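Data block below; observations after.
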Amino acid sequence: MSEERGLRSLVERAANSDPDAWEKIFRRSHAKLFFYARRRTSSVHVAEDAVSETMVRAMEQINRFTWSGAGFDAWLFGIMRNVVLEGYRSDAKARRDRYFVPEHSTRLDPLATVEALDDAEYMRRAFSQLSRSEQEVLELRVVAELSSDGAAEVLGKKPGAVRMAQARALDRLRNFLTEVDRGD
Amino acid sequence: MATNDEIVDRLRDALISVAPIEPRPADIARIRALAAARADRTSSGGSFSPTAEIVRAVLPLRSRRTAQVLAIAASLAAGFAIGSQVESVVIGNARAGITEFDQSIADASGGSVTVEGCLAGIGRIIDLSSSDLPILPKGRFYEVWFVGPGDTPQSQNRISAGTFHPDQAGKTRVVLTAAVDPRLYPTIVITAEPGDGNPAPSSTEVLRGQLKIIN
Chain A
1 MSEERGLRSL VERAANSDPD AWEKIFRRSH AKLFFYARRR TSSVHVAEDA VSETMVRAME
61 QINRFTWSGA GFDAWLFGIM RNVVLEGYRS DAKARRDRYF VPEHSTRLDP LATVEALDDA
121 EYMRRAFSQL SRSEQEVLEL RVVAELSSDG AAEVLGKKPG AVRMAQARAL DRLRNFLTEV
181 DRGD
Chain B
185 MATNDEIVDR LRDALISVAP IEPRPADIAR IRALAAARAD RTSSGGSFSP TAEIVRAVLP
245 LRSRRTAQVL AIAASLAAGF AIGSQVESVV IGNARAGITE FDQSIADASG GSVTVEGCLA
305 GIGRIIDLSS SDLPILPKGR FYEVWFVGPG DTPQSQNRIS AGTFHPDQAG KTRVVLTAAV
365 DPRLYPTIVI TAEPGDGNPA PSSTEVLRGQ LKIIN
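Chains A and B supply the protein sequences, listed in that same order. For the first sequence, the numbering used here gives the first residue as 1, with consecutive numbering after it. For the second sequence, the numbering used here gives the first residue as 185, with consecutive numbering after it.
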């Protein structure tokens, strides 16, 4: 069964209130929703609460969901975005320049860890220079792996506008990376 | 100069944790319970609209505590008791408001708590009282867990019913709500938590007992 057909079947079962289907949807979507929420909330726990609230709202609204080019994941992210905007937005000061740091230990060797963290830090520093809207476009396309149609639905824009915004954001990110590499 | 694809790969690595992030067990339990309640209602011909009890049961712990206080205040203001509100909720063959367990649980040192659990919506209302739980140092608190089969520190199978601490006189009387079926989670455990923000249970187990289901 293709991934698309598998997802359609899962959503159909969820619409019929199958607890197993909802658990699968939750587990399948959790990481992407969590990373999106984590960058917009004050703590891991608040981000987890936001993901949980998103799933509850999805369950309440599942009968209104219809398949379109944007897909089910974009629909979930649209709900998540509202949840974050409504009640889980942390104060700007607490959020500024703070990024998610893995809480669990990793098994990279020390040199690889240092190199990986260096590169990640460079990238995060450059990413923080982008505007909020540019960051959100890249997060939806790169972290959430939404299609341009999907990101467009979440952001309330046209797919073409999202593709242009993404290209602009990547150009600016490339410039900032060059500056960071130079130590400017 | 880096290509767009290379930048996208680096960005993905920078923004996403390398460690897997798993959903909280209590959240999974809530989602499953809510789906089951939804199925129950739609099969009986009703449309799904979460009752106050269901909403409260699926809210995150901190929000749930706040909602609980607000719900109780609203009930008192309106002149209704919580019991009368949940009495009309029917789940399968069971009627909300029925007491499912009412017993004392003691530990080896003689400390004990009395727990009473009533069916309410998709979850349970737990009335817990004790006069001999030690007062914990500032910042620490007790947490009540419903524990299912196979629960281990590495693979937990338990649902939190909430947190509390005794008053200054060492008396405890709290009403908690939890989206839990005591038949599936038949062991009640109370732990002393350090207040470190970690939602996982601590290893300091104060009391443990098997629930005796009445109905």
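Quick reminder that beta carbons are idealized off the backbone N, C-alpha and C, glycines included. Note that the structure is a prediction, hence the values are computed from the model and not measured.
Worksheet item: Counting along the chain, where does the alpha helix (DSSP H) carrying tyrosine 36 (chain A) start and finish?
Response: 19-38
Worksheet item: Apart from the five residues just before and just after phenylalanine 35 (chain A), which ones in its own chain have a Cβ nearer than 6 Å to its Cβ?
Response: Excluding sequence neighbours, phenylalanine 35 (chain A) sits near Val143.
Discussion item. Can you confirm whether isoleucine 205 (chain B), when its beta carbon is compared against all beta carbons of chain A, has any partner nearer than 9 Å?
Written reply: Interface with chain A (9 Å Cβ-Cβ cutoff): isoleucine 205 (chain B) is included.
Discussion item. Residues of chain A with CB closer than 7 Å to the CB of isoleucine 212 (chain B), please, in chain order.
Written reply: Glu23 and Phe26
Worksheet item: Using a Cβ-Cβ cut-off of 6 Å (strictly less than) and excluding sequence neighbours within five positions of isoleucine 309 (chain B), which residues of its own chain qualify?
Response: Cys302 and Thr361
Discussion item. Classify leucine 199 (chain B): buried if its beta carbon has 16 or more other beta carbons within 10 angstroms, exposed otherwise.
Written reply: buried
Worksheet item: Which residue's Cα is closest to the Cα of histidine 402 (chain B): B:Pro337, B:Ile282, B:Glu206 and B:Val390?
Response: Past the edges of chain B, shown from 185 to 399, lies residue 402 (chain B), and the structure says nothing about it.
Worksheet entry | Range of the contiguous beta strand (DSSP E) that encloses valine 142 (chain A) | Segment: none, valine 142 (chain A) is in no beta strand (DSSP E) and carries neither H nor E.
Worksheet item: Beta-carbon of phenylalanine 77 (chain A) versus every beta-carbon of chain B: anything under 9 Å?
Response: no
Worksheet entry | Extent of the continuous beta strand (DSSP E) run through arginine 308 (chain B) | Secondary structure note for arginine 308 (chain B): its beta strand (DSSP E) is the uninterrupted segment 307-314.
Practice prompt. Pick helix, strand or coil for alanine 50 (chain A), following the three-state DSSP scheme.
Written response: helix
Worksheet item: methionine 55 (chain A): buried (16+ other C-beta within 10 angstroms of its C-beta) or exposed?
Response: buried
Worksheet item: With distances taken from CA atoms, which of A:Asp118, A:Ala167, A:Asn63 and A:Lys32 is nearest leucine 140 (chain A)?
Response: A:Lys32
Fill in: serine 52 (chain A) to threonine 41 (chain A) span [Cα, whole Å]
Rounded to the nearest whole angstrom, the CA to CA distance from serine 52 (chain A) to threonine 41 (chain A) is 14 Å.
Item to complete: Consider the Cβ of alanine 151 (chain A): report whether some Cβ of chain B lies at a distance smaller than 9 Å.
Response: no
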